[in-house]
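Chains A and B supply the protein sequences, listed in that same order. Take 1 as the starting number for the first sequence in the working numbering and just add one per residue. Take 1001 as the starting number for the second sequence in the working numbering and just add one per residue. The beta carbon of each residue, even a glycine, is placed where N, CA and C say it ideally should be. All figures in this text were calculated on a predicted structure; none of them were measured in a lab. Heads up, the thing below is written out as structure tokens.
2 protein chains.
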Amino acid sequence: MQSKSTRDLILDCAQGLAQSLGFNAFSYADIATELGIRKASIHYYFASKHDLEAELLERYRVGFIAELNSIEANVVGSSNRLKHYTQLYLNTLKNNRICLCGMMASDVGALPEELTPSLKSFFKEHVEWLEKIMNAGKVDGELSFAGSAQSQANVFLAALQGGLLIANAMGDEAVFSKLSQSIVAQLK
Amino acid sequence: MQSKSTRDLILDCAQGLAQSLGFNAFSYADIATELGIRKASIHYYFASKHDLEAELLERYRVGFIAELNSIEANVVGSSNRLKHYTQLYLNTLKNNRICLCGMMASDVGALPEELTPSLKSFFKEHVEWLEKIMNAGKVDGELSFAGSAQSQANVFLAALQGGLLIANAMGDEAVFSKLSQSIVAQLK
DNA sequence: GTCTATACAGCGATAGAC
DNA sequence: GTCTATCGCTGTATAGAC
């Protein structure tokens, strides 16, 4: 397997920093140090930090859609699919990171305006995907809940994003595990 | 009524900036400009930014406890108390702000370590308060839910924090209103 | 208690050699 | 494509006049 391009290494590194520190709390110098390159080399690939942020967001959003498709392709049952969805969040928490888009949402007031459409799309896509799963589960009787699938999807997403935030702050992975078990269990 | 001290004006201004931009995205210069004073005057009250942040967090945490006590003193019924709790969040959203501690939680990786105990306390206190309300509601039959009051309290808090984050990013207050109605309704 | 002035480090960004 | 060198700006923080 071919080793990663400098460009991808920069993106991976920047994403990690953004998810653990926030968008305004890491610098080109941090990336350069971690990768053992110079700041100017980063500017060669990403002229401005806005460019880097934009690509980071878009890559994350598209990558997540691929994960959602993968769950639908490989996991059977609405409840199992929801569990796998929560697992994606748990994996980021294990690296002491929160969702990149949760982080961007918290920084939205200090974010370049060009990024907000993509950020909104992220949340919209996730709610729609969750809504689809919820509806299917309700139809085949595997899931049961009051209210609309849409409102359930919104609550589900919000609880996971908030849970990730809080569990990370508490430094307690179990907080998130228990929470995600609870919200899935309540839908049965 | 006596007008506010410079110190309080600084705290109010800094809190607003912190809640809308994040802790690492506002400066002494921003505060100075907004208040029409000089940066050095802020340093007179808060020698370092860490000092300012620490006091901001503690003031917010203690102030919120007062709000919780006020709800218990003035609002009758578990369901109504929970609704009032969600209303506190909605009020911050109306100013395009999120919870100060939600913001700090997102920035926890870039936060001075001395602040994390107080931040953890905030979430712990809120879960405990919510748990108390949930339990009382279950006992008197006003609320009904599966699982423990503690896990319900955790889900409730996470959903509100996450909902606040997402609604603010979406620029759509209704997202939060609907969400908070859903989670309260599900407990009946 | 508030100001002017300034120090110093770090930031994003660019020019140009190799 | 990566480097060295450097610019201009902004950040936090301090010294000292008033």
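Backbone secondary structure at residue i - three-state DSSP
| i | result |
| --- | --- |
| A/Asn96 | coil |
| A/Gln161 | helix |
| A/Gln186 | coil |
| A/Asp140 | coil |
| B/Val1076 | coil |
| A/Phe156 | helix |
| A/Ile71 | helix |
| B/Gly1036 | coil |
| A/Phe123 | helix |
| B/Ser1027 | coil |
| A/Pro112 | coil |
| B/Asp1008 | helix |
| A/Ala66 | helix |
| B/Met1104 | helix |
| A/Gln2 | coil |
| A/Ser148 | coil |
| A/Asp172 | coil |
| A/Ala47 | coil |
| B/Gly1016 | helix |
Under 8 angstroms from the C-beta of residue i: neighbouring residues of chain A
| i | result |
| --- | --- |
| B/Ile1098 | Ser106 |
| B/Ala1146 | Ala185 and Gln186 |
| B/Ala1025 | Asn24, Asp107, Gly109 and Ala110 |
| B/Leu1179 | Ser151, Asn154, Val155 and Ala158 |
| B/Lys1123 | Residue identity check: residue 1123 of chain B is Phe in the sequence provided, not Lys. The contacting residues are Ile166, Ala169 and Met170. |
Alpha carbon of residue i to alpha carbon of residue j, nearest angstrom
| i | j | result |
| --- | --- | --- |
| B/Asn1135 | B/Ile1065 | 19 angstroms |
| B/Ile1031 | A/Leu82 | 44 angstroms |
| B/Thr1086 | B/Glu1125 | 16 angstroms |
| B/Glu1058 | A/Gln2 | 51 angstroms |
| A/Gln150 | A/Phe156 | 10 angstroms |
| B/Gly1137 | B/Ser1144 | 8 angstroms |
| B/Met1104 | B/Ile1010 | 19 angstroms |
| A/Ile133 | B/Phe1176 | 22 angstroms |
| B/Ser1118 | B/Tyr1060 | 10 angstroms |
| A/Leu187 | A/Glu142 | 9 angstroms |
| B/Ser1070 | B/Glu1128 | 16 angstroms |
| B/Arg1097 | A/Phe46 | 31 angstroms |
| B/Ile1037 | B/Lys1049 | 17 angstroms |
| B/Arg1007 | B/Ser1106 | 27 angstroms |
| B/Ala1153 | A/Asn154 | 18 angstroms |
| B/Phe1122 | B/Glu1034 | 29 angstroms |
| A/Ala73 | A/Val139 | 19 angstroms |
| A/Ser5 | A/Asp12 | 11 angstroms |
| B/His1084 | A/Lys120 | 28 angstroms |
| A/Ala25 | A/Ala14 | 11 angstroms |
| B/Ala1029 | A/Ser27 | 21 angstroms |
| B/Thr1116 | A/Glu114 | 33 angstroms |
7 angstroms Cβ cut-off: residues of chain B touching residue i
| i | result |
| --- | --- |
| A/Lys94 | Ordered by position in chain B, no residue passes the 7 angstroms Cβ test against A/Lys94, which lies about 14 angstroms from the chain. |
Contact set between residue i and chain A, taken where Cβ atoms lie within less than 7 angstroms
| i | result |
| --- | --- |
| B/Gln1161 | Gly162, Leu165 and Ile166 |
| B/Leu1119 | Ala169 |
| B/Leu1021 | Gly109 and Ala110 |
Assumed close pair residue i, residue j - CB separation to whole angstroms, cut-off 8 angstroms
| i | j | result |
| --- | --- | --- |
| B/Val1108 | A/Asn95 | About 14 angstroms; that fails the 8 angstroms criterion. |
| A/Gly162 | A/Ser180 | About 12 angstroms; that fails the 8 angstroms criterion. |
| B/Phe1023 | B/Leu1111 | 7 angstroms |
| B/Ala1158 | A/Ala159 | 5 angstroms |
| A/Leu90 | A/Glu67 | With a Cβ gap of about 13 angstroms, A/Leu90 and A/Glu67 do not count as contacting. |
| B/Glu1173 | B/Leu1093 | 6 angstroms |
| A/Gly147 | B/Ser1182 | 6 angstroms |
| B/Gly1102 | B/Leu1165 | 6 angstroms |
Per-residue contacts from residue i into chain B (C-beta, under 8 angstroms)
| i | result |
| --- | --- |
| A/Met134 | Those do not exist, as A/Met134 stays about 13 angstroms from chain B at its closest Cβ, beyond 8 angstroms. |
| A/Ser182 | Gly1147, Ser1151, Gln1152, Asn1154 and Val1155 |
| A/Gly102 | Ser1106, Gly1162 and Leu1165 |
| A/Val175 | Asn1154 |
Check: residue i C-beta below 7 angstroms from any heavy atom of the ligand COA
| i | result |
| --- | --- |
| A/Gly16 | No copy of the ligand COA occurs in the structure displayed, which carries no ligand at all. |
Three CB pairs or more closer than 8 angstroms across the region 1041-1055 of chain B and the region 1014-1028 of chain B: yes
Between the region 73-93 of chain A and the region 38-52 of chain A, can you find at least three pairs of beta-carbon atoms closer than 8 angstroms? Judged by Cβ distances under 8 angstroms, the region 38-52 of chain A makes no contact with the region 73-93 of chain A, as fewer than three pairs qualify.
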